[in-house]
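S.K.: Pasting a structure below so you can have a look.
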Amino acid sequence: MKSATTRSTRGRRERLRAETTAEIRKVALELMASGGPDAITLRAIAREMGMTANAIYGYFATRDDLVTTLINDVYTSLAGAVDAAWDTAPAKNPADRIQAWAHAFRDWALANPEGFRLIYGDPVPGYRAPEGGAAPDAARRVCTGLAGLADAAWPHAEHLYAGSDFNWSDFDAGLLDKVRPAFPDLPPAAVALALRIWGHLHGLVSLEVYGHLHTQTISPDKLFREELTALVRSLGIAPRG
């Protein structure tokens, strides 16, 4: 049996390694915030942390390994935020659920602008994601979450898209692999609706995260709320309040 001293030593080393790994991730996002995606290098991180470059390689073998970890971290955080908002909103009220998901998306993005930019904005030059993507589970959760918005709205909005000529062949196979198993009854027109909803939400949030709205309005939150209200009404749903 291992002695208490040995177990304590191993536990301390594991704790210190976890703390250092977390700091590396934090510094990487800070560098991206100040210098853009190009600034994420292991040497720059080592310099900021007062470590040698070789020491950093003991935690991440390559820069791509670090970027993959960062993307998975922030994407999983986003998925958790929007999933929680959806789950806590009244299931029988589609307007509330759509608005809760949308507000959670915006709130997360404003609280994590570097993470938003990493997964939805500026690509890291030269980065090659692993096969299947950097965060396949989180990407699936967010994608099916968006499809869930369309699914909630579809009973109210279906008649508005009676003339839609979208077919399954109009969509990427990877998108359909995520959406169709989760919502087998949704037609192609509803998948297109999910993308339209995504365009509304992502467009305004991107403008805000990148600072473009702040030069145009002092009330971006009001703009977002009213856009959501208009979106819900356009889906044939009467928003509450």
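Using this note's numbering, you'd call the opening residue of the sequence shown number 1 and step up by one each time.
Using N, Cα and C, we set each Cβ at its ideal position, and we do this for glycine too.
Bear in mind the structure is a predicted one, so any value in this text is a computation, not a measurement.
Under the assumption that Ala138 contacts Thr76 (Cβ atoms under 8 Å), give the Cβ distance between them as a whole number of angstroms.
M.R.: Right, the Cβ-Cβ distance comes to about 4 Å (below 8 Å), so this counts as a contact.
S.K.: Do the CB positions of Glu48 and Leu31 come within less than 9 Å of each other?
M.R.: Yes.
S.K.: My assumption, with CB atoms under 8 Å, is that Val179 sits in contact with Cys143. Please give the rounded CB distance.
M.R.: That belief holds up - the Cβ atoms of Val179 and Cys143 are roughly 7 Å apart, short of 8 Å.
S.K.: Could you tell me the boundaries of the alpha helix (DSSP H) in which Phe171 lies?
M.R.: First-last for Phe171: undefined, no H or E at that position.
S.K.: For the candidate residues Arg117, Ile237, Ala189 and Leu175, whose alpha-carbon lies nearest to that of Asn167?
M.R.: The residue with the shortest Cα to Cα distance from Asn167 is Ala189.
S.K.: Thinking C-beta only, is Asp107 closer than 9 Å to Ala81?
M.R.: Yes, they are a contact pair.
S.K.: If you compare alpha carbons, which of Ala157, Ala194 and Leu70 is closest to Leu175?
M.R.: Ranking Ala157, Ala194 and Leu70 by Cα distance to Leu175 puts Ala194 first.
S.K.: From which residue to which residue does the alpha helix (DSSP H) around Ile218 run?
M.R.: Where Ile218 is concerned, there is no enclosing alpha helix (DSSP H), given that its DSSP letter is neither H nor E.
S.K.: Closest to Glu23 by CA distance: which of Leu207, Phe183, Tyr59 and Phe116 is it?
M.R.: Comparing Cα-Cα distances from Glu23 to each of Leu207, Phe183, Tyr59 and Phe116, the minimum goes to Tyr59.
S.K.: Thinking just about the alpha-carbon of each residue, which of Ile237, Tyr210 and Glu227 is nearest to the one in Ala111?
M.R.: Comparing Cα positions, the closest option is Tyr210.
S.K.: Indicate the three-state DSSP secondary structure (helix, strand or coil) for Ala139 in the structure shown.
M.R.: If DSSP states are grouped into helix, strand and coil, Ala139 belongs with the helices.
S.K.: Quick check on Ala103: buried or exposed, where buried means 16 or more other Cβ atoms within 10 Å of its Cβ?
M.R.: Looking at the sequence itself, residue 103 is His, so the reference to Ala does not match. Classification of His103: buried, given that the 10 Å Cβ count is 16 or more.
S.K.: What residue range is occupied by the uninterrupted alpha helix (DSSP H) comprising Ala238?
M.R.: Careful: Ala238 lies outside any alpha helix (DSSP H) and carries neither H nor E.
S.K.: Could you check how far apart the C-beta atoms of Val27 and Ile45 are, in whole angstroms? I think they sit under 8 Å.
M.R.: Going by Cβ atoms, the distance from Val27 to Ile45 rounds to 5 Å, so yes, they are a contact pair.
S.K.: Does Asp122 come out as helix, strand or coil in the three-state DSSP assignment?
M.R.: Here Asp122 sits in coil by DSSP.
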